[in-house]
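**Student:**
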Amino acid sequence: MKLKKILVANRGEIAIRVLRTLREMKIKTVAIFSEADQDSRFHRLADEAYCIGGITSRESYLNIDKVLEVAKKTGCDGIHPGYGFLSENEQFAKQCQKEGIVFIGPKPHVIKSLGDKIEARKIAIQAELPIASGTEGSIEALEEAREIAKNVGFPVLIKATAGGGGKGMKRVDSEEDFDRMFQTAKSEALAAFGDDRVYIEKYLENPRHIEIQILCDQHGNGVYLFERECSIQRRHQKVIEEAPSSVLTPELRKQMGESALRLAKEIGYTNAGTVEFLIDKNMKYYFLEVNTRLQVEHPVTEMITGLDLVREQVRIAEGEALDMSQSDLKINGHSIECRIYAEDSENFLPSIGKVPHYVEPNGFGIRTDSAIEQGSEISIYYDPMISKLVVWDWSRQQAINKMLRALQEYEISGVDTTIPFCEFVLEHEAFKSGKFDTHFVQNYYLNREKPESSDEKNQAAAVLSAFLHNIERNKVSVEKTPVNTNGINQGWEKRKFLRY
Ligand code: MV4
Numbered sequence: 055m056k057l058k059k060i061l062v063a064n065r066g067e068i069a070i071r072v073l074r075t076l077r078e079m080k081i082k083t084v085a086i087f088s089e090a091d092q093d094s095r096f097h098r099l100a101d102e103a104y105c106i107g108g109i110t111s112r113e114s115y116l117n118i119d120k121v122l123e124v125a126k127k128t129g130c131d132g133i134h135p136g137y138g139f140l141s142e143n144e145q146f147a148k149q150c151q152k153e154g155i156v157f158i159g160p161k162p163h164v165i166k167s168l169g170d171k172i173e174a175r176k177i178a179i180q181a182e183l184p185i186a187s188g189t190e191g192s193i194e195a196l197e198e199a200r201e202i203a204k205n206v207g208f209p210v211l212i213k214a215t216a217g218g219g220g221k222g223m224k225r226v227d228s229e230e231d232f233d234r235m236f237q238t239a240k241s242e243a244l245a246a247f248g249d250d251r252v253y254i255e256k257y258l259e260n261p262r263h264i265e266i267q268i269l270c271d272q273h274g275n276g277v278y279l280f281e282r283e284c285s286i287q288r289r290h291q292k293v294i295e296e297a298p299s300s301v302l303t304p305e306l307r308k309q310m311g312e313s314a315l316r317l318a319k320e321i322g323y324t325n326a327g328t329v330e331f332l333i334d335k336n337m338k339y340y341f342l343e344v345n346t347r348l349q350v351e352h353p354v355t356e357m358i359t360g361l362d363l364v365r366e367q368v369r370i371a372e373g374e375a376l377d378m379s380q381s382d383l384k385i386n387g388h389s390i391e392c393r394i395y396a397e398d399s400e401n402f403l404p405s406i407g408k409v410p411h412y413v414e415p416n417g418f419g420i421r422t423d424s425a426i427e428q429g430s431e432i433s434i435y436y437d438p439m440i441s442k443l444v445v446w447d448w449s450r451q452q453a454i455n456k457m458l459r460a461l462q463e464y465e466i467s468g469v470d471t472t473i474p475f476c477e478f479v480l481e482h483e484a485f486k487s488g489k490f491d492t493h494f495v496q497n498y499y500l501n502r503e504k505p506e507s508s509d510e511k512n513q514a515a516a517v518l519s520a521f522l523h524n525i526e527r528n529k530v531s532v533e534k535t536p537v538n539t540n541g542i543n544q545g546w547e548k549r550k551f552l553r554y
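Residue 55 is where the sequence shown starts when you use the working numbering, and the numbers rise one by one after that.
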């Protein structure tokens with residue numbers, strides 16, 4: 055059944071990303087927005103837009119009844135949830151179904167099974183995917199848990215069944231610490247998720263985080279769209295992703311892709327999806343979890359395959375069969391994504407405020423998925439991501455050079471950004487050589503040599519160098535107030551003057 059009108063139940067860059075494809079597919083669109091988003095750009099790109107009130111997410115983008123009320127009133131036959139918010143909410147998918155509205159995602163029971171990390175682990179075992187050794191089911195009794203941890207060998211990780219993405223994880227290094235950590239993990243899981251179930255896994259040292267993108271239709275066809283390397287993270291949040299990974303051999307890529315599809319088949323997965331793995335030093339891979347939504351970093355896969363993942367999601371939801379087979383797919387060139395957050399590059403704390411001056415980089419092979427414009431406000435209410443800067447080029451080296459050029463070209467004033475952090479990573483020998491893992495930020499960034507702060511001379515030099523660095527990069531991030539009067543950007547003039 056062709057969908058005629060789709061409500062986009064999200065905000066920001068991903069709402070824009072989805073609205074664009076729907077417009078290209080000649081499908082009518084409806085946007086919803088909160089009171090905090092009245093001036094946001096995304097809902098101007100929809101055919102119709104409705105303020106559903108509220109400032110917090112709970113009152114707006116997470117409010118199932120309100121979202122469905124707008125969908126029904128406007129005659130929508132489909133809902134695209136984007137990522138975050140209601141995208142992995144079984145109840146929401148169920149209620150859409152009840153109202154006869156197509157939820158663009160997997161079936162409710164699939165969302166539920168894969169959202170439960172123990173059940174996902176069991177499904178992976180059934181489908182014969184390699185997993186880190188540990189418990190099969192959830193573990194209640196302390197003595198039993200301790201025995202398993204001893205058998206597996208320390209260090210181990212205690213993970214929350216209802217967790218995921220690193221939430222509710224505890225590393226235990228020795229038997230003495232185990233009992234205390236086990237209790238802490240359970241009570242923290244209960245407080246965070248209302249579910250105190252936990253499981254145990256052998257802790258893998260220095261792994262790389264690599265995920266496989268899959269597409270599965272409702273006719274039993276599935277393909278894998280290769281991998282994304284996501285090891286550059288801080289506080290379990292990805293900052294730089296790339297495709298393909300510089301460490302996978304064609305054989306390993308095929309094995310992991312086929313593993314991901316076996317898991318999908320086992321549970322009857324439909325929609326785009328991501329199967330996450332860790333890879334250890336010996337190039338052995340271990341299943342981690344499945345994300346049943348479109349992911350933030352999906353553009354790098356689009357760039358190397360030439361496929362529009364949102365279009366594929368819509369076609370699958372309409373009941374169309376995939377119009378490609380695995381042998382049609384090949385990796386073209388290399389793509390890198392940098393997430394540009396409004397935050398302090400030193401401590402990764404949000405840097406909120408108005409953005410009086412904003413110019414995105416441009417040119418061949420550059421894509422910016424963003425939702426802000428000159429004068430936008432980065433608020434405390436939502437994720438402080440400003441944009442996703444994505445580049446494509448034929449080789450990894452050229453893609454890195456292109457990204458560095460694009461980062462240099464970016465002009466953002468009023469807030470601090472992760473641009474300096476991204477530049478640090480892209481210029482680092484470990485990144486350039488491809489020899490890095492999930493501890494990159496800890497090993498190289500947080501432990502990097504900084505000027506002696508007690509030394510006044512050094513401090514002055516650091517301030518001056520930071521200032522000149524900003525000037526050099528055409529940035530006016532030192533300014534917290536508008537620099538633009540009468541259409542003439544004084545910050546720009548000043549920088550030009552100082553440069554010569
Ligand atoms: C692990 C692990 C080591 N061993 N599991 C973090 C996110 C969540 N999806 C699982 N995570 C990890 N699971 C075992 N058995 C290390 C991590 C981990 C990590 C994984 C990917 C990217 C960054 C990370 C940072 C710290 C820990």
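The beta carbon of each residue, even a glycine, is placed where N, CA and C say it ideally should be.
(1) Do three or more CB pairs link the stretch 376-387 to the stretch 406-414 at distances below 8 Å?
(2) Would you tell me roughly how many angstroms separate the C-alpha atoms of K152 and A460, rounded to the nearest one?
(3) Could you pull the start and end residues of the beta strand (DSSP E) that G62 belongs to?
(4) For F494 and I286, which I take to be in contact (beta-carbon distance under 8 Å), what is that distance rounded to the nearest angstrom?
(5) Using a Cβ-Cβ distance under 8 Å, would E295 count as near chain C?
(6) Any idea what DSSP makes of R77, helix, strand or coil?
(7) Does the count of Cβ pairs from the stretch 334-341 and the stretch 272-285 closer than 8 Å reach three?
(8) Assuming I440 and I432 form a contact by the criterion Cβ under 8 Å, report the distance between their Cβ atoms to the nearest whole angstrom.
(9) Just the Cα atoms here: how many angstroms apart are L348 and A314?
(10) How would you label M55, buried or exposed, when you count the other beta carbons within 10 angstroms and need 16 or more for buried?
(11) Tell me which residues share the same chain as K442 and place their Cβ nearer than 6 Å to its Cβ, disregarding the 5 neighbours each side in the sequence.
(12) I268 lies in the alpha helix (DSSP H); which residues open and close that run?
(13) If contact is defined by three or more beta carbon pairs under 8 Å, each pair taking one atom from either stretch, is the stretch 325-335 in contact with the stretch 230-246?
(14) Between the stretch 360-377 and the stretch 411-422, can you find at least three pairs of beta-carbon atoms closer than 8 Å?
(15) Taking the alpha-carbon positions, what's the E67 to T471 distance?
(16) Going by DSSP, what residue range makes up the alpha helix (DSSP H) through N325?
(17) Jot down the residue ranges of each uninterrupted alpha helix (DSSP H) in the stretch 332-362, minimum 4 residues, whole runs only, in chain order.
(18) Taking buried to mean at least 16 other C-beta atoms within 10 Å of its own C-beta, is A90 buried or exposed?
(19) Cβ of R316 within 8 Å of Cβ of L183?
(20) For Q267, does the count of other Cβ atoms within 10 angstroms reach 16, so buried, or fall short, so exposed?
(21) Between K213 and K240, which are expected to be in contact by the criterion C-beta below 8 Å, what is the C-beta distance as a whole number of angstroms?
(22) Beta carbon of L342: closer than 7 Å to some heavy atom of the ligand MV4?
(23) Based on DSSP bridge pairs, tell me the residues matched to V6.
(24) Can you determine whether any heavy atom of the ligand MV4 sits closer than 7 Å to the C-beta of A199, and answer yes or no?
(25) DSSP beta-bridge partners for G188?
(26) Buried or exposed, going by whether 16 or more other CB atoms sit within 10 Å of the CB of S88?
(27) Assuming V354 and E265 form a contact by the criterion Cβ under 8 Å, report the distance between their Cβ atoms to the nearest whole angstrom.
(28) If contacts are defined as beta-carbon pairs under 8 Å, then N137 and V350 qualify, I think. What distance do you get, rounded to the angstrom?
(29) Can you name, in chain order, every residue of its own chain whose Cβ lies under 7 Å from the Cβ of E343, other than the five neighbours on each side?
(30) I want to know whether the stretch 113-133 touches the stretch 446-463 - three or more CB-CB distances under 8 Å.
(31) Keeping to the same chain, check which residues put their C-beta closer than 6 Å to that of L61; ignore five residues upstream and five downstream.
(32) Please classify N260 as buried or exposed, where buried requires at least 16 other C-beta atoms within 10 Å of its C-beta.
(33) Any heavy atom of the ligand ZN closer than 7 Å to the Cβ of Y104?
(34) What would DSSP say about C476, mapped onto helix, strand or coil?
(35) Determine the direct distance from the alpha carbon of D377 to that of T75, and round the result to whole angstroms.
(36) Could you tell me if the beta carbon of T492 falls within a distance shorter than 7 Å of some heavy atom in the ligand MV4?
**Tutor:** Reading off the structure:
(1) Cβ pair count under 8 Å is below three, so no.
(2) Translated into the one-based positions of the sequence shown, residue 152 becomes position 98. Translated into the one-based positions of the sequence shown, residue 460 becomes position 406. If I take the Cα positions, the gap works out to 46 Å.
(3) Here residue 62 refers to the residue found at position 8 when the sequence shown is read from its first residue. Note on residue identity: the sequence assigns Val, not Gly, to residue 62. The continuous beta strand (DSSP E) containing V62 extends over residues 59-62.
(4) Translated into the one-based positions of the sequence shown, residue 494 becomes position 440. Translated into the one-based positions of the sequence shown, residue 286 becomes position 232. About 5 Å separates the Cβ atoms of F494 and I286, confirming a contact at the 8 Å cut-off.
(5) In the structure shown, chain C cannot be found, because there is only a single protein chain.
(6) Residue numbering aside, residue 77 sits at position 23 when the sequence shown is read from its first letter. Secondary structure at R77: helix, using DSSP grouped into helix, strand and coil.
(7) Fewer than three pairs of CB atoms, one per stretch, sit closer than 8 Å, so the stretch 334-341 makes no contact with the stretch 272-285.
(8) Start at 1 with the first residue of the sequence shown, and residue 440 comes out as number 386. Start at 1 with the first residue of the sequence shown, and residue 432 comes out as number 378. About 7 Å separates the two Cβ atoms, so the contact holds.
(9) Reading the sequence shown from its first residue, position 294 is the one you call residue 348. Reading the sequence shown from its first residue, position 260 is the one you call residue 314. L348 and A314: Cα-Cα distance of roughly 16 Å.
(10) Within the sequence shown, residue 55 is the residue found at index 1, counting from 1. Using a 10 angstroms sphere on the CB of M55, the tally of other CB atoms stays under 16, which defines it as exposed.
(11) Numbered from its first residue, the sequence shown carries residue 442 at position 388. Cβ contact annotation for K442 (same chain, cutoff 6 Å, sequence separation greater than five): E391, R393, D423, in chain order.
(12) Your numbering for residue 268 matches position 214 in the sequence shown. Segment 262-270 is the beta strand (DSSP E) holding I268; no alpha helix (DSSP H) there.
(13) Touching, no, given that fewer than three Cβ pairs across the two stretches are closer than 8 Å.
(14) The stretch 411-422 is not in contact with the stretch 360-377.
(15) Position 13 of the sequence shown, counting from 1, holds the residue named residue 67. Position 417 of the sequence shown, counting from 1, holds the residue named residue 471. For E67 and T471, the distance between alpha carbons rounds to 17 Å.
(16) On the sequence shown, position 271 is the one that residue 325 refers to. For N325, no alpha helix (DSSP H) encloses it; the enclosing beta strand (DSSP E) starts and ends at 325-333.
(17) As far as the stretch 332-362 is concerned, its whole alpha helix (DSSP H) runs of at least 4 residues are 352-359.
(18) Working through the sequence shown from its first residue, we reach residue 90 at position 36. A90 should be labelled buried.
(19) Start at 1 with the first residue of the sequence shown, and residue 316 comes out as number 262. Start at 1 with the first residue of the sequence shown, and residue 183 comes out as number 129. The answer is yes: Cβ separation under 8 Å.
(20) As a first step, residue 267 must be located in the sequence shown, where it is residue number 213. The Cβ neighbour count for Q267, taken over all protein chains shown within 10 Å, is at least 16; the residue is labelled buried.
(21) What you label residue 213 is simply residue 159 of the sequence shown in a count that begins at 1. What you label residue 240 is simply residue 186 of the sequence shown in a count that begins at 1. Beta-carbon to beta-carbon, K213 and K240 are separated by about 12 Å, too far to satisfy the 8 Å threshold.
(22) Stepping through the sequence shown from its first residue, residue 342 is reached at position 288. The answer is yes for L342.
(23) No answer is possible for residue 6: the residues shown for the chain start at 55 and end at 554.
(24) Locating residue 199 in the sequence shown gives position 145, counting from the first residue. A199: no, Cβ never under 7 Å from the ligand MV4.
(25) Locating residue 188 in the sequence shown gives position 134, counting from the first residue. Bridge partners of G188: E255.
(26) Walking along the sequence shown from the start, residue 88 turns up at place 34. S88 should be labelled buried.
(27) Residue mapping note: residue 354 aligns to position 300 of the sequence shown, counting from 1. Residue mapping note: residue 265 aligns to position 211 of the sequence shown, counting from 1. V354 to E265, Cβ: 11 Å. No contact.
(28) As a working mapping, residue 137 is identified with position 83 in the sequence shown. As a working mapping, residue 350 is identified with position 296 in the sequence shown. Residue 137 is actually Tyr in this sequence, not Asn. Their Cβ separation, rounded to whole angstroms, is 6 Å, which keeps Y137 and V350 in contact under 8 Å.
(29) Reading the sequence shown from its first residue, position 289 is the one you call residue 343. Within the same chain, E343 has close Cβ partners K171, A174, G218, E330.
(30) No: the two stretches stay apart, fewer than three of their Cβ pairs being nearer than 8 Å.
(31) Position 7 of the sequence shown, counted from the first residue, corresponds to residue 61. Excluding positions up to five away in sequence, the list reads V84, A125, C130, I133.
(32) Taking the sequence shown and counting its residues from 1, the one referred to as residue 260 is at position 206. Of the other Cβ atoms in all chains shown, fewer than 16 fall within 10 Å of the Cβ of N260; this residue is therefore exposed.
(33) This structure lacks the ligand ZN; its bound ligands are the ligand MV4.
(34) Position 422 of the sequence shown holds residue 476. Residue state, collapsed to three classes: helix.
(35) Here residue 75 refers to the residue found at position 21 when the sequence shown is read from its first residue. Here residue 377 refers to the residue found at position 323 when the sequence shown is read from its first residue. Our two residues, T75 and D377, have alpha carbons roughly 17 Å apart in a direct line.
(36) Residue mapping note: residue 492 aligns to position 438 of the sequence shown, counting from 1. In this structure, T492 has its CB closer than 7 Å to one or more heavy atoms of the ligand MV4.
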